[in-house]
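K.L.:
Once you've had a glance at the structure underneath, I'll fire off some questions.
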Ligand code: PMP
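Numbering (UniProt numbering), first residue to last: 7 to 362.
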């Protein structure tokens, strides 16, 4: 019964299917916060080189990727857990650490996998509403009870693009009992421009179960090959590594991630495309009299002042796939991922046509 109570994660349909359904072609997807530049070229080259080794099992410990991350991040290799995307680590955390009936605090709205993986083990999601689209850390801390086992915080937040500061996070840690597992999902942290933004790494120590989650799916352009990681106190990493599927990160993903970490030029170009694109899109949408919400990520919310589900459908007919925020509690908002300059221009032209 508790499995059947899970609200399924509904991924977008394949573009080809949507195009067939709507009788269109050549559409663009600005819906899943992916990297518009494609994968890192260095990662692609590494994948090609590794193809001939596909008859072998992957390195189950992810030795070279873990070493590279440890060196780059300045943490001990024992504090890193690799995942088949950060989704995998979210699932490991809930499977390893929660018992039926435990409470897990998350915001409303928040990333769907927190609730799905909580319900999966018959634990209970407790929602704290966002305030002005931002994570109200003081309210979250106030919602902690003796039943609270875990808290999910998303920084920058999806779908709103807001961040919390290091100072606010420090206050939060002081207010929350030190046995509560705090998971800070930093899937979009590379895009942050605000110098005040908290970085969970700065607060990691062995005194409490604090976890920072990161991914290669966004800034590194590797969403399709599935690789992410968590950084946490070594005793916690040892627990997760006990229940981790031994070959959860495939051999192509491992070499791709290592190469992507070396591809500084690609990361720099990605950030430039996203930051320039955000500035251009804000200006264009403002000229249209629309309100956009400033974002620290590679996506942002726009109030289209109409039923967002209908706008989604009409945009689709124009060949532009965006995300309606109706099911997130924002009936007139859409979420748009920043694309290449020509994609951003197509989005603006399509939105003008749809809203006229
Ligand atoms: N956390 C957040 C906030 C996300 O938006 C996403 C991707 N949509 C993920 C985690 C999952 O990322 P991954 O591809 O690493 O599983």
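Cβ coordinates follow ideal geometry from the N, Cα and C atoms, glycine included.
Could you compute how far the alpha carbon of residue 214 sits from the alpha carbon of residue 241?
P.N.:
Within the chain shown, the letter at position 208 stands for residue 214. Within the chain shown, the letter at position 235 stands for residue 241. Roughly 10 Å separates the two Cα atoms.
K.L.:
What separation, rounded to the nearest whole angstrom, lies between the Cα atoms of residue 72 and residue 116?
P.N.:
For the purposes of this step, residue 72 is taken as the residue at position 66 of the chain shown. For the purposes of this step, residue 116 is taken as the residue at position 110 of the chain shown. When rounded, the distance between both Cα atoms is 29 Å.
K.L.:
Run through the DSSP bridge pairs and tell me what residue 327 is partnered with.
P.N.:
By 1-based counting over the chain shown, the position of residue 327 is 321. Answer is 35, bridged to residue 327.
K.L.:
Please state the DSSP three-state secondary structure of residue 122.
P.N.:
As a working mapping, residue 122 is identified with position 116 in the chain shown. Residue state, collapsed to three classes: helix.
K.L.:
Out of 248, 165, 177 and 232, state which residue places its alpha-carbon closest to the alpha-carbon of residue 381.
P.N.:
Lying outside 7 to 362, the shown extent of the chain, residue 381 is not represented and no answer is given.
K.L.:
According to DSSP, simplified to helix, strand and coil, what is residue 180?
P.N.:
The residue you call residue 180 lines up with position 174 of the chain shown. It is helical.
K.L.:
Classify residue 223 as buried or exposed, calling it buried when 16 or more other Cβ atoms lie within 10 Å of its own Cβ.
P.N.:
Position 217 of the chain shown, counting from 1, holds the residue named residue 223. Buried, since its Cβ has 16 or more Cβ neighbours within 10 Å.
K.L.:
Note down, in chain order, each residue of its chain lying with its Cβ closer than 6 Å to the Cβ of residue 151, except the 5 sequence neighbours on either side.
P.N.:
Here residue 151 corresponds to residue number 145 of the chain shown, with the count starting at 1. Once the five neighbours on either side are set aside, residue 151 has no close Cβ partner at all.
K.L.:
How far does the alpha helix (DSSP H) with residue 352 in it extend, from its first residue to its last?
P.N.:
Working through the chain shown from its first residue, we reach residue 352 at position 346. Unbroken alpha helix (DSSP H) run through residue 352: 347-361.
K.L.:
Give the C-beta separation of residue 206 and residue 192 to the nearest angstrom, bearing in mind that I take them to be a contact with Cβ-Cβ under 8 Å.
P.N.:
Locating residue 206 in the chain shown gives position 200, where the first residue counts as 1. Locating residue 192 in the chain shown gives position 186, where the first residue counts as 1. Residue 206 to residue 192, Cβ: 6 Å. Contact.
K.L.:
For residue 256, which residues in the same chain have their Cβ closer than 7 Å to its Cβ, ignoring the five residues on either side in sequence?
P.N.:
Residue 256 sits at position 250 when you count from the first residue of the chain shown. So the list reads 64, once near-sequence residues are dropped.
K.L.:
What distance in whole Å lies between the Cβ atoms of residue 104 and residue 2, which are believed to be in contact at a cut-off of 8 Å?
P.N.:
With the chain represented from 7 up to 362, any question about residue 2 goes unanswered, as that position is not in the structure.
K.L.:
Any idea if residue 10 is buried or exposed, counting beta-carbon neighbours within 10 angstroms, 16 or more meaning buried?
P.N.:
Translated into the one-based positions of the chain shown, residue 10 becomes position 4. Exposed.
K.L.:
Given a cut-off of 8 Å on the beta-carbon distance, is the pair residue 52 and residue 261 in contact?
P.N.:
Here residue 52 refers to the residue found at position 46 of the chain shown. Here residue 261 refers to the residue found at position 255 of the chain shown. Contact: yes.
K.L.:
Roughly how many angstroms separate the alpha carbons of residue 357 and residue 309, rounded to a whole number?
P.N.:
Position 351 of the chain shown, counting from 1, holds the residue named residue 357. Position 303 of the chain shown, counting from 1, holds the residue named residue 309. Roughly 12 Å separates the two Cα atoms.
K.L.:
Could you work out which residue in 40, 346, 301 and 293 is closest to residue 221 when comparing CA atoms only?
P.N.:
Counting from 1 along the chain shown, the entry for residue 221 is found at position 215. Residue 221 has its Cα closest to that of 40, out of 40, 346, 301 and 293.
K.L.:
Is residue 166 near ligand 1 - that is, is its Cβ less than 7 Å away from at least one heavy atom of it?
P.N.:
As a first step, residue 166 must be located in the chain shown, where it is residue number 160. Answer for residue 166: no, Cβ out of range of ligand 1.
K.L.:
Report the rounded CA-to-CA distance for residue 359 versus residue 295, giving the unit in angstroms.
P.N.:
Here residue 359 refers to the residue found at position 353 when the chain shown is read from its first residue. Here residue 295 refers to the residue found at position 289 when the chain shown is read from its first residue. In a straight line, the C-alpha of residue 359 is about 14 Å away from that of residue 295.
K.L.:
Return the residue from the list 29, 217 and 274 that minimises the CA-CA distance to residue 85.
P.N.:
To locate residue 85, count along the chain shown from 1; it is residue 79. That would be 217, whose Cα lies nearest to the Cα of residue 85.
K.L.:
Using only the heavy atoms of ligand 1, determine whether one of them is closer than 7 Å to the beta carbon of residue 131.
P.N.:
Reading the chain shown from its first residue, position 125 is the one you call residue 131. Checking the Cβ of residue 131 against ligand 1 gives no.
K.L.:
Around the Cβ of residue 183, are there at least 16 other Cβ atoms within 10 angstroms (buried) or fewer (exposed)?
P.N.:
Taking the first residue of the chain shown as position 1, residue 183 is located at position 177. Residue 183 comes out exposed.
K.L.:
So what's residue 140 in DSSP terms, helix, strand or just coil?
P.N.:
Against the chain shown, residue 140 aligns to sequence position 134. Residue state, collapsed to three classes: strand.
K.L.:
Give the C-beta separation of residue 98 and residue 250 to the nearest angstrom, bearing in mind that I take them to be a contact with Cβ-Cβ under 8 Å.
P.N.:
Here residue 98 is taken as the residue at index 92 of the chain shown, counted from 1. Here residue 250 is taken as the residue at index 244 of the chain shown, counted from 1. Yes, residue 98 and residue 250 are in contact; Cβ-Cβ is about 6 Å, under 8 Å.
K.L.:
Count the C-beta pairs between the segment 334-350 and the segment 25-41 that are closer than 8 Å, then say yes if the count reaches three, no if not.
P.N.:
Yes, the segment 334-350 touches the segment 25-41.
K.L.:
Name the DSSP bridge partner or partners of residue 216?
P.N.:
On the chain shown, residue 216 is found 210 positions in, with the first residue counted as 1. In DSSP, residue 216 forms a bridge with 188.
K.L.:
Alpha helix (DSSP H) containing residue 287: first to last residue?
P.N.:
Within the chain shown, numbered from 1, the residue matching residue 287 stands at position 281. 270-293 is the span of the alpha helix (DSSP H), which, as asked, contains residue 287.
K.L.:
Tell me, please, which residues DSSP counts as bridged to residue 341.
P.N.:
As a first step, residue 341 must be located in the chain shown, where it is residue number 335. DSSP output for residue 341 lists 307 and 329 as bridge partner(s).
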